[in-house]
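Okay, so here's the structure we're looking at.
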Amino acid sequence: MSSLTRSKSLRKDCSHPISSQGREIILQCFENPHSEFGNKVLQRIFEKRVDYQKYVYALGKERTYQMSVRLKDLVEEVVSKIFDPDYICEASRAYGEEHVELKMYGFKPDFWVTIADAITIEGVILDMANHQPADTVAAWSQLVAMMFSAVRDGYYSALRRHRMSSKRCLQRQATQEGRNTNGSVNVMAPVSSRERAALLEARSMNGSMRISRTQDRTDTIAGAATPSGTSTNRPRPIFE
1 MSSLTRSKSL RKDCSHPISS QGREIILQCF ENPHSEFGNK VLQRIFEKRV
51 DYQKYVYALG KERTYQMSVR LKDLVEEVVS KIFDPDYICE ASRAYGEEHV
101 ELKMYGFKPD FWVTIADAIT IEGVILDMAN HQPADTVAAW SQLVAMMFSA
151 VRDGYYSALR RHRMSSKRCL QRQATQEGRN TNGSVNVMAP VSSRERAALL
201 EARSMNGSMR ISRTQDRTDT IAGAATPSGT STNRPRPIFE
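Each residue of the sequence shown is one higher than the last, beginning at 1 in full-length UniProt numbering.
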């Protein structure tokens with residue numbers, strides 16, 4: 001290894017939030033069978049929190065199972081890339097973003113703390129006392145802190161985007177409803193003084209026309225009863 005490569009490796013190692021010993025401990029933990037890791041984490045939370053129980057019931061059996069598999073896959077990905085902090089943050093952020101759509105089932109952001117604690121506990125159990133308990137706890141705590149900082153960032157960023165998108169949709173809907181798309185008059189829309197005056201004038205003219213037509217009919221009847229040659233002063237209708 002050249003001095004330049006060694007220098008870059010040392011700088012990257014120093015910037016990693018997890019100690020080199022901690023990374024080795026985590027890798028060795030996941031060499032043990034862990035197919036039920038996600039399920040055990042969620043089960044631990046389910047036993048502690050009533051609100052999480054309601055959330056799980058709302059999700060349903062199949063969706064809850066998928067979430068347990070997704071959590072296991074996430075931790076497996078992170079452990080496999082334990083030497084790459086950027087990848088860990090990216091994968092964790094994506095995991096957080098996925099949970100915005102679960103809010104409708106009762107997901108709460110404060111579940112993250114409980115999930116993080118449960119992952120740490122299950123990670124320590126997975127070690128099977130092959131290392132000093134304090135070292136194992138420290139290793140998993142460092143990993144979980146790194147992961148869930150990114151998880152929360154991803155969740156809240158996606159939540160903000162979702163709210164902005166919903167707001168824009170509501171604004172477009174309100175604008176569309178306010179338009180006269182079918183050529184009909186929106187009776188609830190405010191009327192300006194000029195429009196009101198024009199409306200009153202039109203109504204007045206219509207009233208005058210009705211009066212004129214009534215008078216015409218009256219005159220016609222009267223004319224039929226009047227002897228021929230007798231002139232009648234009949235008013236001319238408007239707009240004739």
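The C-beta atom is built at its ideal place from N, Cα and C for all residues, glycine as well. What you are looking at is a predicted structure, and each value in this text was computed from that prediction instead of being measured.
* Would the segment 138-151 and the segment 44-63 be scored as touching if the rule is three or more Cβ pairs under 8 Å? -> no
* Just the C-alpha distance for F30 and Y57, rounded to the nearest angstrom, thanks. => Translated into positions along the sequence shown, residue 30 becomes position 30. Translated into positions along the sequence shown, residue 57 becomes position 57. Rounded to whole angstroms, F30 to Y57 spans 30 Å at the Cα level.
* By the 10 Å Cβ neighbour count, where 16 or more other Cβ atoms means buried, how is M128 classified, buried or exposed? -> Position 128 of the sequence shown, counted from the start, is the residue given in the question as residue 128. Result: exposed.
* Asked: Can you tell me the Cα-Cα spacing of S166 and A158, whole angstroms?
  -> By 1-based counting over the sequence shown, the position of residue 166 is 166. By 1-based counting over the sequence shown, the position of residue 158 is 158. C-alpha separation (whole angstroms): 12 Å.
* Please list, in chain order, all residues of the same chain as S19 whose beta carbon is under 6 Å from its beta carbon, the five residues on each side excluded. => Taking the first residue of the sequence shown as 1, we reach residue 19 at position 19. Within the same chain, S19 has no close Cβ partners at all.
* Among the residues of its own chain, which have a CB less than 6 Å from the CB of K72, if the five just before and after it don't count? -> For this step, residue 72 is matched to residue 72 along the sequence shown. F37 and G38.
* Cβ-based neighbour list, residue 241, same chain, cut-off 8 Å, excluding 5 preceding and 5 following -> The question about residue 241 has no answer here: the residues shown for the chain are numbered 1 through 240.
* G22 versus H16: straight-line alpha-carbon distance, rounded -> As a first step, residue 22 is located in the sequence shown; it is residue number 22 there, counting from the start. As a first step, residue 16 is located in the sequence shown; it is residue number 16 there, counting from the start. So the alpha carbons of these two residues sit roughly 11 Å apart.
* Cβ-Cβ separation, Y155 to V100 (assumed contact under 8 Å), whole Å -> Against the sequence shown, residue 100 aligns to sequence position 100. Against the sequence shown, residue 155 aligns to sequence position 155. Going by Cβ atoms, the distance from V100 to Y155 rounds to 6 Å, so yes, they are a contact pair.
* Pull up the CB-CB distance for S114 and K48, whole angstroms please, since I reckon it's below 8 Å. => Numbered from its first residue, the sequence shown carries residue 114 at position 114. Numbered from its first residue, the sequence shown carries residue 48 at position 48. The residue asked about is misnamed: residue 114 is Thr in this sequence, not Ser. With 8 Å as the limit, T114 and K48 qualify as a contact, their Cβ atoms being about 7 Å apart.
* Using the rule of at least 16 other Cβ atoms within 10 Å of the residue's Cβ for burial, across every protein chain shown, is A134 buried or exposed? -> For the purposes of this step, residue 134 is identified with residue 134 of the sequence shown, where counting begins at 1. Exposed, because fewer than 16 other Cβ atoms sit within 10 Å of the Cβ of A134.
* Applying the criterion that 16 or more other CB atoms from any shown protein chain within 10 Å of the CB defines a buried residue, is M104 buried or exposed? -> Here residue 104 corresponds to residue number 104 of the sequence shown, with the count starting at 1. With fewer than 16 other Cβ atoms within 10 Å, it is exposed.
* To do: Could you tell me whether the Cβ atoms of E76 and A91 are closer together than 8 Å?
  => On the sequence shown, residue 76 is found 76 positions in, with the first residue counted as 1. On the sequence shown, residue 91 is found 91 positions in, with the first residue counted as 1. In this structure, A91 does not lie closer than 8 Å to E76 by Cβ.
* For W112, I'd like the list of residues in its chain whose CB is within less than 7 Å of its CB, leaving aside the five on either flank, ordered along the chain. => Translated into positions along the sequence shown, residue 112 becomes position 112. Answer for W112: F148, V151 and R152, listed in chain order.
* What's the C-alpha gap between H131 and A139? -> Counting from one through the sequence shown, the residue named residue 131 turns up at place 131. Counting from one through the sequence shown, the residue named residue 139 turns up at place 139. Straight-line Cα distance between these residues: approximately 11 Å.
* **Boundaries (first-last residue) of the alpha helix (DSSP H) holding P85** => Looking up residue 85 in the sequence shown gives position 85. First-last of the alpha helix (DSSP H) with P85: P85 to E98.
* Grouping DSSP H, G and I as helix and E and B as strand, with all else coil, what is Q132? -> Here residue 132 refers to the residue found at position 132 when the sequence shown is read from its first residue. In this structure, Q132 counts as coil in the three-state DSSP scheme.
* **Anticipated Cβ contact below 8 Å, R44 with A118, distance rounded** => Here the question's residue 44 lines up with position 44 in the sequence shown. Here the question's residue 118 lines up with position 118 in the sequence shown. That pair is a contact at about 4 Å.
* Rounded separation between R63 and L102 - CA only -> On the sequence shown, residue 63 is found 63 positions in, with the first residue counted as 1. On the sequence shown, residue 102 is found 102 positions in, with the first residue counted as 1. So the two alpha carbons sit approximately 10 Å from each other.
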